[in-house]
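>
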Ligand code: GRF
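In the working numbering, the protein residues as written are 26 to 233.
1. Under a three-way DSSP split, which group does residue 192 fall into?
2. Could you give the distance in angstroms between the alpha-carbon of residue 218 and the alpha-carbon of residue 142?
3. Which value, in whole angstroms, describes the spacing of the CA atoms of residue 167 and residue 191?
4. Who are the Cβ neighbours of residue 39 in its own chain at under 6 Å, not counting the five residues just before and after it?
5. Can you tell me which of 197, 189, 194, 226 puts its alpha carbon nearest to the alpha carbon of residue 209?
6. Quick check: does the Cβ of residue 210 come within less than 7 Å of any heavy atom belonging to ligand 1?
7. Can you tell me the Cα-Cα spacing of residue 169 and residue 161, whole angstroms?
8. For residue 229, is the classification buried or exposed, using 16 other Cβ atoms within 10 angstroms of its Cβ as the cut-off for buried?
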């Protein structure tokens, strides 16, 4: 029998994060990594809006950041090919869409099969698409929340990893409700990354 191989050294998971806006979920992920709540590091942030909050947070947190302005690409596929080049160039294992306000294509999904996570501000499958917080308020439901899920081609679909419920109070505004949902997103997103990494064999459960 050949001698058994020594176990591969454990190394932190390399995360790529895509963000279009304020970047609070991006920062929550960086903090979770730095607090050892997640055996990972954010290796690269990609933004599509020059000067967005996420880009500013990356500078403050010392996380490498690349801009791919979608306005400079002729198609969604061309943008996604550029994203894949950057993410693979940074040797990223798993990608998190943390407020990525672009519809993604098979170019990106196929490059990170079961390794592409999205965070959405509703209890999916309710209130898919844009303005999910407004949709929940307009529908008059008393409970909404957030969902972290693996990304499939249909917008805001794919296996759900973690959800958190947020009750709607009478008198809630879009801003007050969105703020409470955000706090829950920051809590569940690192957990969802851990679960996605375990599901796809990137991490053993002992590493969690
Ligand atoms: C979050 O509410 C997320 O669910 C949605 O976009 C928002 C991003 O917020 N997809 P931030 O930029 O992370 O603060």
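We put the beta carbon where it would ideally sit given N, CA and C, even for glycine.
From the atom records:
1. strand
2. 7 Å
3. 9 Å
4. 68, 116, 117, 118
5. 189
6. yes
7. 7 Å
8. exposed
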